[in-house]
Amino acid sequence: MDLFQVSAALLSLAAVFSYFNHRFLKLPTTIGLMLIAMTTSLAMVAVGELFPTVEAEAKEHLSGIDFNKTLMQGMLGFLLFAAALHVNLADLKKQRLVIGVLATGGVLMSTALVGGMTYAVMTLMGVEIRPIYCMLFGALISPTDPIAVLGILKHVGAPKELEMKIAGESLFNDGVAVVAFLGLLEIASGTAGFDIQRLSLLFVQEAIGGAVFGFALGFVALAMLRKVDDYKVEVLISLATAAGGYALAYAIHVSGPIAMVVAGLFIGNEARAGAMSEKTREHLDDFWELMDEILNAVLFVLIGLELLIISFSGQSVLAGLLAFPVVLLARFIAVALPVSLMKRRRVFTPGAIRILTWGGLRGGVSVALALSLPARLADGALVPEREIVLSITYVVVVVSIVLQGLTIGPLLRRTIAAAVAPEPEDQLPAGAA
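The sequence shown begins at 1 in the UniProt record's numbering and counts up by one.
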């Protein structure tokens with residue numbers, strides 16, 4: 001299928017699945033869409049037992065969609081720009097220390113912890129896997145995806161500070177995790193050895209370079225927005241900033257995700273302050289909110305459909321189920337350690353560690369990075385670890401989205417209720433006026 005046919009098919013499936021979920025399942029949209037898409041994939045496999053050509057054709061069409069390129073070199077830029085556009089910079093600045101520590105040190109700590117513990121689990125299971133691929137799994141599974149959580153946070157009335165920590169961390173940790181993944185991938189592929197200086201330079205080039213480029217991009221877009229007062233032109237400028245800016249970031253080898261976050265924050269805050277009329281702000285918000293909803297719907301449909309083309313075995317599914325608590329434990333340590341240290345100087349929302357840990361869902365970025373692992377090295381040698389890393393990544397992502405996504409709401413409600421409940425000594429004695 002060509003690009004138009006693929007896009008038409010995905011949008012049609014997203015629309016049908018959204019309708020079914022809204023009418024009957026009534027699950028959070030992203031979770032419902034993924035589960036319906038997975039059920040569809042399993043139905044295709046079942047039908048394939050009777051009509052093999054049906055399953056074969058479905059796999060052939062789906063294999064023609066490069067999930068990694070679709071997300072990492074296309075959709076992710078729009079999604080991050082749309083999310084950053086609606087983040088209040090003043091609120092973000094108040095939480096900058098926590099967000100910075102969790103999005104950088106927390107990601108790197110999680111990468112090391114997941115890598116080490118995964119290697120131990122795989123060894124106990126008798127699975128042959130080189131340690132560097134366990135570290136790669138740690139890097140790709142460490143970034144969090146707030147899509148399924150932020151709507152619930154707002155619905156239950158979560159404290160603004162907690163919501164900002166989760167949103168801010170997830171906006172920046174994608175870029176940091178991708179840089180860590182790329183550095184480890186160079187080592188795994190044999191194109192470079194372990195060199196702290198080289199990895200540090202890569203981080204500076206990608207992460208710091210991405211932030212500087214995003215700021216420059218936002219500054220240019222803001223200058224253009226100030227010269228016009230036509231919402232159609234201004235919305236088009238914002239669209240060009242996300243699309244053209246993301247493509248240019250990849251061309252000059254800086255982090256596109258970080259660039260889009262910085263540009264989105266800059267335009268969303270500075271442009272609103274004086275470069276846009278009220279009418280333009282409304283149209284801009286409506287446009288990007290709709291863009292965000294459509295792309296997220298397509299993304300989670302794609303995640304569910306990927307079940308059809310990923311090879312699973314009983315051992316790989318078990319490994320994925322065992323990897324989930326490993327990832328959760330690493331997340332807890334990577335959150336609890338820095339937050340406990342920072343509690344000496346700043347006040348945190350009661351239950352912050354618990355919510356930040358359980359609210360750290362994994363999503364499409366993890367699957368896309370796993371799919372980007374090469375099946376062969378430059379010398380033509382096979383990479384047997386690719387399939388096991390891909391399968392356990394998919395299992396962890398699905399379990400995370402479903403289990404954590406469906407239970408974070410009740411956990412938040414209990415935590416908020418406990419925080420506002422009066423202490424026993426504050427309660428009036430029976431019969432008191």
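The beta carbon of each residue, even a glycine, is placed where N, CA and C say it ideally should be. Note that this is a predicted model, so its numbers are computed, not measured.
Identified DSSP bridge partners for V376: Counted from its first residue, the sequence shown places residue 376 at position 376. Note on identity: in this sequence residue 376 is Arg, with Val being the wrong assignment. L382, per the DSSP bridge assignment.
Evaluate contact between the region 78-85 and the region 305-325, counting only Cβ atoms and requiring at least three cross-stretch pairs below 8 Å. no
Buried versus exposed, by CB contacts within 10 Å (16 or more), T415: Taking the first residue of the sequence shown as position 1, residue 415 is located at position 415. Burial call: buried.
Does the region 61-71 come close enough to the region 225-234 to have 3 or more Cβ pairs within less than 8 Å? no
Which whole runs of the alpha helix (DSSP H) in the region 240-268 are 4 residues long or more, in chain order? 256-266
Whole angstroms are fine: how far does the CA of A418 sit from the CA of A433? What you label residue 433 is simply residue 433 of the sequence shown in a count that begins at 1. What you label residue 418 is simply residue 418 of the sequence shown in a count that begins at 1. Confidence at A433 is low in this model, with a pLDDT of 40, below 50, so its placement is unreliable and no value can be given for it.
If you draw a straight line from the C-alpha of G351 to the C-alpha of V402, how long is it? What you label residue 351 is simply residue 351 of the sequence shown in a count that begins at 1. What you label residue 402 is simply residue 402 of the sequence shown in a count that begins at 1. G351 and V402: Cα-Cα distance of roughly 22 Å.
With H, G and I counted as helix, E and B as strand and the rest as coil, what does DSSP make of K227? By 1-based counting over the sequence shown, the position of residue 227 is 227. Coil at K227, not helix or strand.
Relative to the alpha-carbon of A112, which residue among R376, L329 and L412 has its alpha-carbon at the smallest distance? Against the sequence shown, residue 112 aligns to sequence position 112. Minimum Cα distance to A112 is reached at L329.
Would you check if the region 375-394 and the region 127-146 touch, i.e. whether three or more CB-CB distances between them fall below 8 Å? yes
Same chain, Cβ closer than 6 Å to A430, five either side skipped, listed in chain order: On the sequence shown, position 430 is the one that residue 430 refers to. Unreliable placement is indicated for A430, whose pLDDT of 49 sits below 50; the coordinate value is still reported in the next sentence. Counting only Cβ-Cβ distances below 6 Å, and skipping sequence neighbours, we find nothing.
Around the C-beta of F20, are 16 or more other C-beta atoms found within 10 angstroms, so that it is buried, or is it exposed? Taking the sequence shown and counting its residues from 1, one reaches residue 20 at position 20. When all chains shown are included, F20 counts as exposed.
From L412 to V178, what does the alpha carbon distance come to, in whole angstroms? If you number the sequence shown from 1, residue 412 lands on position 412. If you number the sequence shown from 1, residue 178 lands on position 178. Cα to Cα, L412 sits roughly 30 Å from V178.
On a Cα-Cα basis, can you pick out the residue from L305, V233, G218 and G274 that is closest to T39? The residue labelled residue 39 in the question sits at position 39 within the sequence shown. Measuring from the Cα of T39, the nearest candidate turns out to be L305.
Whole-angstrom Cβ separation of Q197 and V254, contact assumed at under 8 Å? On the sequence shown, residue 197 is found 197 positions in, with the first residue counted as 1. On the sequence shown, residue 254 is found 254 positions in, with the first residue counted as 1. Their Cβ separation, rounded to whole angstroms, is 19 Å, which puts Q197 and V254 out of contact at 8 Å.
According to the Cβ coordinates, are L382 and R376 closer than 8 Å? Within the sequence shown, residue 382 is the residue found at index 382, counting from 1. Within the sequence shown, residue 376 is the residue found at index 376, counting from 1. Contact flag set, yes.
Quick one: is A242 buried, meaning 16 or more other Cβ sit within 10 Å of its Cβ, or exposed? Sequence index remark: in the sequence shown, residue 242 carries index 242 (1-based). Buried is the call here.
Does I267 pass the burial test, meaning 16 or more other C-beta atoms within 10 Å, or should it be called exposed? In the sequence shown, counting from the first residue as 1, residue 267 sits at position 267. With 16 or more Cβ atoms within 10 Å of its Cβ, I267 is classed as buried.
Near A259, which residues of its chain fall below 8 Å by C-beta distance, leaving aside the five closest residues on each side in sequence? Residue mapping note: residue 259 aligns to position 259 of the sequence shown, counting from 1. So the qualifying residues of the chain are G210, A211, F213, G214, L217, G245, Y246 and A249.
Under a three-way DSSP split, which group does V178 fall into? Here residue 178 is taken as the residue at index 178 of the sequence shown, counted from 1. It is helical.
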